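Accompanying notes for the structure given below.
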Amino acid sequence: MKTLFKILLLASAAAAAASCAVEKEESPESVQERILKAFVKKYYPDAVRKPSGMYIIDSIPGTGRTPQDTSYVLVDYTITYLNGTYNSYTSDSVAKQLGTFTYSGYYDPRVWSLRDNTPGVIELLTGMREGGSVKAIVPATLLDEESGTEITEGDGSSKIYEIRLVEVIDNINQYQFDQIEDFVAARYPDITDSTTYGFYFHKYNTNLLDTVKNNESMQVRYIGRYLNGTVFDTNIEDSAKKYRIYSSGGSYTTLAYKFLDDSSKAMTENKFVPGFNKALYSMNYEEHAVTVFYSGLGYGDDGSGNVPGFVPLCFELWIEADEEEDE
349 MKTLFKILLL
359 ASAAAAAASC
369 AVEKEESPES
379 VQERILKAFV
389 KKYYPDAVRK
399 PSGMYIIDSI
409 PGTGRTPQDT
419 SYVLVDYTIT
429 YLNGTYNSYT
439 SDSVAKQLGT
449 FTYSGYYDPR
459 VWSLRDNTPG
469 VIELLTGMRE
479 GGSVKAIVPA
489 TLLDEESGTE
499 ITEGDGSSKI
509 YEIRLVEVID
519 NINQYQFDQI
529 EDFVAARYPD
539 ITDSTTYGFY
549 FHKYNTNLLD
559 TVKNNESMQV
569 RYIGRYLNGT
579 VFDTNIEDSA
589 KKYRIYSSGG
599 SYTTLAYKFL
609 DDSSKAMTEN
619 KFVPGFNKAL
629 YSMNYEEHAV
639 TVFYSGLGYG
649 DDGSGNVPGF
659 VPLCFELWIE
669 ADEEEDE
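To get the working numbering, take the position in the sequence shown, counting from 1, and add 348.
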């Protein structure tokens, strides 16, 4: 009996070791697939699994155009992890619910490019029409992410996408130019035409008496707006308070812009986005101007901080008096 007991113990230990080895060899993708199947079975048993591994929870067909994989699209969206934590969203109501709302935030639909997006997003949107919406679970592998080994709140997890397709955009630059023309017609009718591709500029006064010289620095005040009217940045303290974006830790000092006779050097040595830089190069002491430019002269396709990609910007600019001349 003792011998048999020893044999059974050894067999049990061997089986346990073999079991552990199998568990250790299971890939993260396999783990995520098991998690996803269990999650869907419990919370969304009626979801339809696509051949790619994506699950469609719900959808409302649209009646407009269908995007191609080379299109740009305008979308409202909410993205969450499987545990319910928010990843990103366009809705100000969600921001208020989460306590993350800011008066400088951008809460309009966003432009996404399908030219270089993830397989999951491309599959979702190229299966939709304008005006339609979809709610789907997209596995990490379709988001070009390496699968994790549990439900997390970061890269490597499946995510739930809720998307409403607002518009299919063929030419992203023309789309922004149209936005700019509508904006300046309504807000700045003095700007009658674009001076350069995607760039609008107008001075409200001209100073011919006190010219900026090579290597001199001008002191700049500004207010930056999205075309929906939201002020997202300013270095004017009173304006920051007026538009409810004031921060006690913020900087409300002037920006220094170094004027150089060589415009190419001025563009590279002054570390501002090209549209902002270009406007300041055309200004003089004590002048007031407004500029509006497309994202190609701003923060590009990816955006920066609170500024999303593919968003045109408007800046109102004031140059302070020449301090040396005043002395």
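For glycine and all other residues, C-beta sits at the position ideal for the given N, C-alpha and C. Because the structure is a prediction, the values reported are computed rather than measured.
Beta carbon of residue i nearer than 7 Å to that of residue j
i, j, result
"Ile-520", "Glu-664", "no"
"Asn-553", "Glu-668", "no"
"Ser-452", "Asn-654", "yes"
"Thr-466", "Leu-491", "yes"
"Thr-411", "Asp-424", "no"
"Tyr-548", "Val-568", "no"
"Pro-677", "Ile-528", "Because the chain here runs from 349 to 675, residue 677 falls outside it and cannot be looked at."
"Ile-485", "Tyr-403", "yes"
"Ile-427", "Ser-441", "no"
"Tyr-629", "Ala-614", "yes"
"Ala-670", "Asp-558", "The amino acid at residue 670 is misidentified as Ala; the sequence shows Asp. Cβ distance < 7 Å, so Asp-670 and Asp-558 count as in contact."
"Ala-395", "Ile-408", "no"
"Ile-456", "Asn-576", "What sits at residue 456 in the sequence shown is Asp, not Ile. A contact, by the Cβ cut-off of 7 Å."
"Ser-476", "Leu-513", "Note that residue 476 is Met in the sequence shown here, rather than Ser. For Met-476 and Leu-513, yes; Cβs fall inside 7 Å."
"Arg-413", "Val-516", "yes"
"Val-534", "Gln-380", "Here the sequence assigns Ala to residue 534, which means Val is not the residue at that position. Their beta carbons are not under 7 Å apart, which means Ala-534 does not touch Gln-380 by this criterion."
"Tyr-420", "Pro-656", "no"
"Leu-462", "Asp-417", "yes"
For residue i: DSSP bridge partner residues
i, result
"Met-688", "The first residue shown for the chain is 349 and the last is 675, placing residue 688 beyond what the model contains."
"Arg-413", "DSSP output for Arg-413 lists no bridge partner at all."
"Ile-511", "Tyr-425, Val-482"
"Ile-408", "Ser-481"
"Ile-571", "Thr-582, Glu-664"
"Thr-466", "BP columns for Thr-466 are empty, so no partner."
"Phe-549", "Thr-639"
"Thr-544", "Phe-547"
"Arg-592", "Paired residue(s): none; Arg-592 is not in a bridge."
"Ser-436", "Ile-427"
"Val-516", "Val-421"
"Ser-461", "Tyr-420"
Span separating the alpha-carbon of residue i from that of residue j
i, j, result
"Lys-389", "Gly-648", "42 Å"
"Val-637", "Ala-627", "The sequence as given places Ala at residue 637; Val does not occur at that position. Cα to Cα, the separation comes out at about 8 Å."
"Trp-460", "Lys-606", "36 Å"
"Gly-401", "Glu-494", "15 Å"
"Trp-666", "Leu-603", "11 Å"
"Arg-573", "Ser-587", "12 Å"
"Ala-361", "Val-482", "Interpretation of Ala-361 is limited by its pLDDT of 45, a score under 50 that renders its predicted location unreliable; the figure taken from the coordinates is listed afterwards. Spanning the two alpha carbons is a distance of roughly 50 Å."
"Asp-650", "Met-566", "30 Å"
"Ser-612", "Thr-544", "16 Å"
"Ser-375", "Gly-479", "39 Å"
"Ala-443", "Thr-450", "8 Å"
"Asn-562", "Tyr-523", "38 Å"
"Gln-445", "Gly-432", "14 Å"
"Leu-556", "His-550", "16 Å"
"Thr-578", "Arg-397", "41 Å"
"Leu-473", "Glu-564", "52 Å"
"Ile-584", "Gly-597", "14 Å"
"Leu-645", "Val-560", "24 Å"
"Lys-385", "Thr-540", "58 Å"
"Pro-393", "Phe-387", "9 Å"
"Ile-676", "Arg-458", "Nothing about residue 676 can be reported from this structure: the residues present for the chain run from 349 to 675 only."
"Glu-377", "Asp-464", "23 Å"
"Glu-617", "Thr-500", "43 Å"
"Ser-594", "Gly-504", "Here the sequence assigns Tyr to residue 594, which means Ser is not the residue at that position. Approximately 37 Å between the Cα atoms of the pair."
"Asp-525", "Asp-609", "Sequence check: residue 525 is Phe here, not Asp. Distance between the alpha carbons of Phe-525 and Asp-609 is about 30 Å."
"Asp-581", "Gly-468", "34 Å"
"Cys-662", "Thr-448", "24 Å"
"Pro-622", "Tyr-391", "49 Å"
"Lys-619", "Thr-601", "17 Å"
"Ser-542", "Asp-530", "13 Å"
"Phe-658", "Pro-399", "33 Å"
"Gly-502", "Ser-652", "20 Å"
Heavy atom of the ligand MG within 6 Å of residue i beta-carbon
i, result
"Lys-483", "Because no ligand of any kind appears in the structure shown, any question about the ligand MG cannot be addressed here."
(message) Tell me whether the region 497–515 and the region 640–653 touch, counting them as touching only if at least three CB pairs, one residue from each stretch, are closer than 8 Å.
(response) no
(request) Please go through the region 622–658 and give each complete beta strand (DSSP E) segment of 3 or more residues, from N-terminal end onward. (result) 636–641
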